[in-house]
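Asks:
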Amino acid sequence: MKKFNILTIALMGMAAFSSCSTDRDHNPTLTVPQSFELLVPEIGTNVINLENSESVQFKAKAAPNYGFPTETSYWIEITEEADFSNPDKVVSTDTKGNSTVYDAPANEIDYAIMQLRGYEEESQVDKNEVITLNIRMAATISHDTDGSTTVYSNSQSIKVTPYFLKESLPEIWYLTGGAIADGSWGCDKAVIGTRMIPMYVKSGEEYNKFTGKGTIEYVGFFLEGQGFKIIEPKGLGNWMYGMCGDGHDIADGSGYTYRGDDDDSEKGDISVAKSGYYRLILDTKEHELKTEAYEPDDPVVNYSSMKIGDFDMSAMSTVGGVPNHDWYAVITLDADANILFTANDGTQWGTDNFPYGIGTIDGNKIPAKKATYIVYFNDITGAYMFTEQEDE
7 MKKFNILTIA LMGMAAFSSC STDRDHNPTL TVPQSFELLV PEIGTNVINL
57 ENSESVQFKA KAAPNYGFPT ETSYWIEITE EADFSNPDKV VSTDTKGNST
107 VYDAPANEID YAIMQLRGYE EESQVDKNEV ITLNIRMAAT ISHDTDGSTT
157 VYSNSQSIKV TPYFLKESLP EIWYLTGGAI ADGSWGCDKA VIGTRMIPMY
207 VKSGEEYNKF TGKGTIEYVG FFLEGQGFKI IEPKGLGNWM YGMCGDGHDI
257 ADGSGYTYRG DDDDSEKGDI SVAKSGYYRL ILDTKEHELK TEAYEPDDPV
307 VNYSSMKIGD FDMSAMSTVG GVPNHDWYAV ITLDADANIL FTANDGTQWG
357 TDNFPYGIGT IDGNKIPAKK ATYIVYFNDI TGAYMFTEQE DE
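Position in the sequence shown (from 1) plus 6 gives the number in the working numbering.
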């Protein structure tokens with residue numbers, strides 16, 4: 007009997023060991039391959055006019071073999087060099103794909119040329135020049151956070167003609183109304199700062215480098231009984247584009263109307279039934295506006311004056327009963343300068359970003375470039391913009 011029990015236990019142990027071994031044999035193991043194969047582009051040796059193209063297609067023969075099926079992200083890297091050994095001479099596309107057939111946006115390929123060659127002026131670009139680019143595809147497991155599963159294909163070449171492309175700043179919309187700025191309404195570029203107040207970039211948001219679209223915001227005081235609208239940049243001068251409210255109360259949070267190329271008579275103001283501080287959040291791509299009461303951890307400070315560097319700034323909100331938190335100034339910097347916003351009580355805001363950003367109290371100095379600007383600043387959020395003025 008004892009012998010039987012021992013034998014049974016031994017057999018059970020062998021079965022368990024065999025089972026564990028079998029489980030391990032069938033468990034997937036992540037392996038990062040050395041490479042994968044990028045096929046010759048179907049365009050072949052034909053020249054691609056990037057200005058007149060939406061995208062350029064690249065195909066991998068098969069997905070990288072990570073040892074098991076997995077969701078994979080793809081993009082391309084671009085260089086004019088013979089290889090990709092110098093990272094300073096390589097630019098990646100921002101748009102990611104999830105298929106071995108990757109349609110690279112033509113404008114991102116063109117912008118890569120601007121970066122690789124350091125082009126900053128249209129006169130530097132010869133639109134008839136045929137440029138040979140070396141391309142390789144990159145892939146990574148989609149949930150990879152440290153690049154440890156990134157793998158590159160072999161390289162292929164394409165021929166293109168470039169065009170001048172400059173990165174766009176974030177697209178900014180503008181508030182106007184009975185208690186906005188000086189309260190006299192306006193939709194002209196010339197009255198931004200006096201009859202209109204800009205919205206600002208939002209912390210943590212990213213903006214399309216070619217369209218400037220993304221999520222912007224405004225935080226400020228709104229006066230009871232006074233309506234307003236938010237004007238889209240292409241509505242400046244014609245009133246035809248922007249966010250309206252059909253009398254919708256700012257306290258309701260959503261449900262606003264986008265006015266496009268149509269008659270204003272059916273779309274009313276956004277209303278303010280109760281005075282107070284509110285946050286407006288606007289998705290400029292989807293034309294969606296959300297509003298909420300603004301309740302900061304610390305009381306809002308009302309400053310009596312503001313400077314940017316050595317330049318005095320003017321208050322934008324001058325309507326009675328509305329505390330001002332937005333400032334503007336026209337400044338000319340004769341040389342590059344590191345500067346801060348400074349309030350009358352000595353409070354200072356800054357950060358490393360230029361020409362727009364979110365300044366923090368006691369933050370780093372803003373690395374401003376030599377030029378003439380209109381500067382806008384909101385002292386509640388710390389958001390700012392330097393808008394360069396073109397020579398007349």
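By construction, the Cβ of each residue, glycine as well, lies at the ideal position given by its N, Cα and C atoms. If you're wondering where the values come from, they're calculated on a predicted model, not measured in any experiment.
Counting pairs of Cβ atoms below 8 Å between the stretch 191-211 and the stretch 163-183, do you hit three or more?
Replies: With a cut-off of 8 Å, the stretch 163-183 and the stretch 191-211 count as touching, because enough Cβ pairs lie within range.
Asks: Between which residues of its own chain and S281 is the CB-CB distance below 6 Å, once the five residues before and five after are set aside?
Replies: So the qualifying residues of the chain are L229, E230.
Asks: I'd like the list of long-range same chain contacts for S174, defined as Cβ closer than 7 Å, with 5 residues on each side in sequence excluded.
Replies: Same-chain partners within the cutoff: K215, F216, T217, G218.
Asks: What's the call for S105, buried or exposed, on a 16-neighbour Cβ count within 10 Å?
Replies: Exposed.
Asks: State the Cα-Cα distance for the pair E223 and D275, rounded to the nearest angstrom.
Replies: In a straight line, the C-alpha of E223 is about 18 Å away from that of D275.
Asks: So the candidates are V38, T76, A69, V46; which of them puts its Cα closest to the Cα of Q63?
Replies: Residue V46 is the option with its Cα nearest to Q63.
Asks: Skipping 5 residues on each side, what residues in its chain have a beta carbon closer than 7 Å to that of R201?
Replies: For R201, where only same-chain residues beyond five positions count, the Cβ hits under 7 Å are T182, A187, D188, S190, W191, G192.
Asks: So what does DSSP say about T28, is it helix, strand or coil?
Replies: Bear in mind that a pLDDT of 47 at T28, under 50, signals an unreliable position, so the model cannot answer this.
Asks: Go ahead and pull the three-state DSSP assignment for V136.
Replies: It is coil, neither helix nor strand.
Asks: Which partner residues of P373 appear in the DSSP bridge assignment?
Replies: Per DSSP, N344.
Asks: Assess contact between the stretch 292-300 and the stretch 310-320, defined as three or more Cβ pairs (one per stretch) separated by less than 8 Å. Is contact present?
Replies: No: fewer than three Cβ pairs fall under 8 Å.
Asks: Just the C-alpha distance for F392 and S209, rounded to the nearest angstrom, thanks.
Replies: In a straight line, the C-alpha of F392 is about 17 Å away from that of S209.
Asks: Cβ atoms of I82 and I141: under 8 Å apart, would you say?
Replies: Their beta carbons are under 8 Å apart, which means I141 touches I82 by this criterion.
Asks: Which runs of the beta strand (DSSP E), 3 residues or longer, sit entirely within the stretch 51-129?
Replies: 53-55, 61-65, 78-85, 107-111, all fully within the stretch 51-129.
Asks: Counting Cβ pairs closer than 8 Å, one from the stretch 95-103 and one from the stretch 161-177, do we hit at least three?
Replies: They do not touch, by the three-pair rule.
Asks: At which residue ranges does the stretch 260-312 contain complete alpha helix (DSSP H) runs of 4 or more residues, listed in the order of the chain?
Replies: You should have found no qualifying run.
Asks: With DSSP collapsed to three states, give me the class of V336.
Replies: In this structure, V336 counts as strand in the three-state DSSP scheme.
Asks: Does the beta-carbon of I256 have 16 or more other beta-carbons within 10 angstroms, so that it is buried, or is it exposed?
Replies: With 16 or more other Cβ atoms within 10 Å, it is buried.
Asks: Judging by CA-CA distance, which residue of S310, V325, Y284 is the nearest neighbour of A299?
Replies: It is Y284 whose Cα lies nearest to the Cα of A299.
Asks: Would you check if the stretch 68-78 and the stretch 115-124 touch, i.e. whether three or more CB-CB distances between them fall below 8 Å?
Replies: Result no; under three Cβ-Cβ pairs closer than 8 Å.
Asks: Can you give me the C-alpha to C-alpha distance between G248 and K273, rounded to a whole angstrom?
Replies: Those two C-alpha atoms are separated by around 10 Å.
Asks: Please state the DSSP three-state secondary structure of D318.
Replies: Strand at D318.
Asks: Would E60 and A112 be called neighbours here (beta carbons separated by less than 8 Å)?
Replies: Yes, these two residues count as a Cβ contact at 8 Å.
Asks: Confirm, please, whether the CB-CB distance from F347 to Q354 is below 8 Å.
Replies: For Q354 and F347, yes; Cβs fall inside 8 Å.
Asks: Given a cut-off of 8 Å on the beta-carbon distance, is the pair A145 and F42 in contact?
Replies: Contact flag set, yes.
Asks: Go to G218, then tell me how far its beta strand (DSSP E) extends in each direction, as first and last residue.
Replies: Counting along the chain, G218 falls outside any beta strand (DSSP E), and DSSP gives it neither H nor E.
Asks: Do you know offhand how far S277's Cα is from G259's?
Replies: If I take the Cα positions, the gap works out to 12 Å.
Asks: If you follow the beta strand (DSSP E) that A389 is part of, which residue opens it and which one closes it?
Replies: Looking at the DSSP string, the run of the beta strand (DSSP E) that includes A389 is 389-394.
Asks: In its own chain, which residues sit with a C-beta less than 8 Å from the C-beta of D267, not counting the 5 before and 5 after it?
Replies: So the list reads M246, Y247, once near-sequence residues are dropped.
Asks: Can you give the beta carbon distance from Y309 to A349, rounded, assuming they're within the 8 Å contact cut?
Replies: Rounded, the Cβ-Cβ distance is 4 Å, consistent with contact.
Asks: Taking C-beta to C-beta, are V225 and I364 nearer than 8 Å?
Replies: In this structure, I364 does not lie closer than 8 Å to V225 by Cβ.
Asks: Apart from the five residues on each side of it in sequence, which residues of its chain come closer than 6 Å, Cβ to Cβ, to D109?
Replies: If we look at D109 and ignore the five residues flanking it on each side, its Cβ neighbours are S61, Q63.
Asks: Going by alpha carbons, who is nearest to N134 out of N55, A377, G261?
Replies: Looking at the Cα atoms, N55 is the closest of the given residues.
Asks: Please say whether S159 and A66 have beta carbons closer to each other than 8 Å?
Replies: A contact, by the Cβ cut-off of 8 Å.
Asks: Only counting the same chain, and skipping five residues up and downstream in sequence, which positions put a Cβ closer than 6 Å to that of V96?
Replies: Closer than 6 Å at Cβ, skipping near neighbours: E83, T85, F90.
Asks: Please look up how many angstroms separate the CB atoms of A343 and A374, rounded, as I've assumed it's under 8 Å.
Replies: The pair is a contact, with the Cβ atoms about 5 Å apart (cut-off 8 Å).
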